[in-house]
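Numbering (the numbering used here), first residue to last: 17 to 548.
Even for Gly, the Cβ is constructed at its ideal location relative to N, Cα and C.
Just so you know, these numbers come straight off a predicted model, no measurement behind them.
Worksheet: the structure to be examined is printed underneath.
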C-alpha cells in the first residue's frame, strides 16, 4: 500500500507545469481565506503551536514547583529554628541565608525560562493568518449573508439558508464580525452580530482558552451594541442597551457615567426613531455585483431547462461514446455535459493542484498589471493543455462535445474557492467588439468542469437570464460568449455565487475564436444552428 501511495505521489509531481507567482511580477500573500482546500495546513500549524505551548507550560510549572518547594523548606526551617535557643551558629546561618539566599531567589525568579519556545512562536508568526486574511474571511461572510439574505442569529447558530449544521460560532466570532462591520460603518449589520454575540455569551457555560485570555465581559457587548444603535438614530434601543451594560456591571463608574451621558443627551436632544423595517438588509450587498437568485429559488422563463439528449453528431467518435447533454438554453446556447470526468480523475487533478494554488488575480489589459481583488475570492493555478494524457483527453472531449477547434484554446485554470468564495458578475471576453478579429484571439466559448460537489451554495448564475446552475461533480457547463455576429453576447454575463458550505473546485477551459472560421462561422441572420 505504501508503494502504491508513493507511486501516486510520484505520478502527480510532473503532472502539471504550473505558472509561478514570479511570472506575474507582483507579490501574492498566502491568503488563507481565499481557499478552503489548504485549511488543513492551519490545523497542522495549530497542532504544532499547541505542542510548543504545552512545553512552555511545563518549564514554567517546573519553575513554579521549585519556588513552592523552597517556600515549604523555609517554612520548616522557620518552625525548627523558632523552637531552639539562639546561639552563634544559628545566628550566623540565618544571616548568611538572609543575605545570600534571597539574592539567589531573586536571580532565579528574574531569569527567564522557555525562551526557545517564545522564539519559536515569533518565528512562526509570519506563517499565521494576517490582517488581510481576517478581512477576506469577514468580507466573505458579509457577502454570503447579503446574497442569501441570512440573519446573524441564524448563521451563528449554524442555520444556513434553511439548513441546520452542527457547527456554530462563539461569541468571540460574533464580536469580531461586528467590529469588522463597524470599521466599515455598517452599523445595522454590526448591531445584528453584536446581539448574536450577546445571546451566545449568555448561553455559554464553558470558556475557551481565548475567551480566558481576552476576558470580554457582557457589559462590553452592550456598550458596543449601544454605540451601533446610536449611529442608526435608534435612541430608545441604544438607551436600553446602555442600561443593560450598567445592570451587568453596577459598580463600574465609567459605564454608569456613559449611561447617564446618553440618557441626558436623549432627553435634551431627542433623536428621531428609525422605523426602517428592512434594517438588517439595508447595508448588505450594496456594493455586490451579484443577484438575489443564487439560491435557485427565483422563477425562470420556460424556455430554459429544455431537455436532455445523447449527443452523437458533433464528432464521429460520439457515435461510439455519446455524451449526455442537458440543453439549458438555445439562444444563447448553454448546456451541461454530464459525467465527462471520472471520480479518480477528479481526485487526481485536485490532489496535484492543491499545493500550487495562489490567490486568483485579475488583469488590467490596459496596463497589463495583475491584482488580487475583492470581487474574485479564490485561489487558482494554470495548467498547460498538453501536460499529460488526462489534460489532452479532456481537451479532446470539449472538442468532441462542441465541434470546435481546440488547438488554439487557452490553458486550463483549476480554481478552489474560499470562505464565502465568489466571483462577481462579469463577462469572459477580453476584447471590445471593435478590437475583435484583428489577429488577437479572444474567449469565444467557456467550459467549466466541476471537480467537486458543493454541499450548499456555489452556483453559477447567468445574471441577465436569471438562470442558476449548481455544481455537479464530474460534469461540465458550456456556453458561447459571442453571439451569431461575433459580438459579445451580454446575455452570458455570469457570476460565481458565494459558497455556503463545502469546497468548490472547478476547472475552466476557454476556447478562443482563432481557428473557428469553418467550425462556427458568424451568421448575418438571426438563425443559429445548434451544434447537434
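For residue i, three-class secondary structure by DSSP
i, result
"residue 430", "strand"
"residue 150", "helix"
"residue 42", "Low per-residue confidence applies at residue 42: pLDDT is 39, beneath 50, and the placement is therefore not dependable, though the value from the model is reported in the following sentence. Correct three-state label for residue 42: coil."
"residue 460", "strand"
"residue 52", "coil"
"residue 333", "helix"
"residue 126", "helix"
"residue 179", "strand"
"residue 501", "coil"
"residue 484", "strand"
"residue 447", "coil"
"residue 354", "strand"
"residue 424", "coil"
"residue 374", "strand"
"residue 184", "coil"
"residue 413", "helix"
"residue 344", "strand"
"residue 168", "helix"
"residue 22", "Summary for residue 22: the model assigns pLDDT 30, below 50, so the residue's position carries little reliability; its value from the coordinates is reported in the next sentence. In the structure shown, residue 22 sits in a helix (DSSP, three-state: H, G or I)."
"residue 300", "Caution applies to residue 300, whose pLDDT of 46 falls short of 50 and renders its modelled position unreliable; the value that the coordinates give is listed next. Coil, per DSSP."
"residue 311", "coil"
"residue 120", "helix"
"residue 173", "coil"
"residue 535", "coil"
"residue 402", "coil"
"residue 191", "helix"
"residue 435", "coil"
Rounded distance between the beta-carbons of residue j and residue i, thought under 8 Å
i, j, result
"residue 417", "residue 478", "About 19 Å; that fails the 8 Å criterion."
"residue 279", "residue 248", "The Cβ separation is near 18 Å, so there is no contact."
"residue 322", "residue 328", "Going by Cβ atoms, the distance from residue 322 to residue 328 rounds to 18 Å, so no, they are not a contact pair."
"residue 444", "residue 497", "5 Å"
"residue 379", "residue 430", "Going by Cβ atoms, the distance from residue 379 to residue 430 rounds to 18 Å, so no, they are not a contact pair."
"residue 129", "residue 75", "5 Å"
"residue 386", "residue 393", "No, residue 386 and residue 393 are not in contact; Cβ-Cβ is about 16 Å, not under 8 Å."
"residue 237", "residue 214", "5 Å"
"residue 366", "residue 493", "Actually they do not touch by this definition, with Cβ atoms about 18 Å apart."
"residue 435", "residue 472", "So it is not a contact: roughly 13 Å between Cβ atoms."
Range covered by the alpha helix (DSSP H) that runs through residue i
i, result
"residue 237", "234–247"
"residue 60", "55–98"
"residue 1", "For residue 1 there is no data in the structure shown, the boundaries of the chain being 17 and 548."
"residue 322", "Premise fails: residue 322 is in no alpha helix (DSSP H) and is neither H nor E."
"residue 262", "251–264"
DSSP beta-bridge partners of residue i
i, result
"residue 523", "430 and 465"
"residue 327", "339"
"residue 510", "442 and 478"
"residue 473", "515"
"residue 143", "Note: residue 143 sits in no beta bridge, so no partner."
"residue 528", "459"
Which listed residue (the options) has its alpha carbon closest to that of residue i
i, options, result
"residue 52", "520, 160 and 315", "520"
"residue 375", "107, 390 and 262", "390"
"residue 509", "476, 526 and 500", "476"
"residue 68", "135, 446, 512 and 443", "135"
"residue 269", "235, 243 and 252", "235"
"residue 257", "91, 241, 265 and 250", "241"
"residue 419", "348, 532 and 314", "532"
"residue 196", "500, 157, 313 and 119", "157"
"residue 58", "145, 90, 468 and 80", "145"
"residue 314", "198, 481, 246 and 525", "481"
"residue 537", "122, 401, 503 and 523", "503"
"residue 316", "408, 483 and 372", "483"
"residue 217", "169, 200 and 262", "169"
"residue 79", "127, 95, 111 and 88", "127"
"residue 47", "151, 120, 401 and 331", "151"
"residue 388", "148, 93 and 118", "148"
"residue 439", "72, 137 and 514", "514"
"residue 361", "407, 64 and 401", "407"
"residue 229", "210, 188, 125 and 469", "188"
Within-8 Å CB hit, residue i to chain B
i, result
"residue 213", "Reference to chain B is not applicable here, since this structure consists of a single protein chain."
Where the beta strand (DSSP E) through residue i begins and ends
i, result
"residue 453", "Per DSSP, residue 453 belongs to no beta strand (DSSP E) and is neither H nor E."
"residue 395", "394–399"
"residue 496", "492–496"
"residue 274", "Counting along the chain, residue 274 falls outside any beta strand (DSSP E), though it belongs to the alpha helix (DSSP H) covering 269–284."
Distance cut-off 7 Å: residue i Cβ against heavy atoms of the ligand ATP
i, result
"residue 64", "This structure lacks the ligand ATP, and indeed carries no ligand of any kind."
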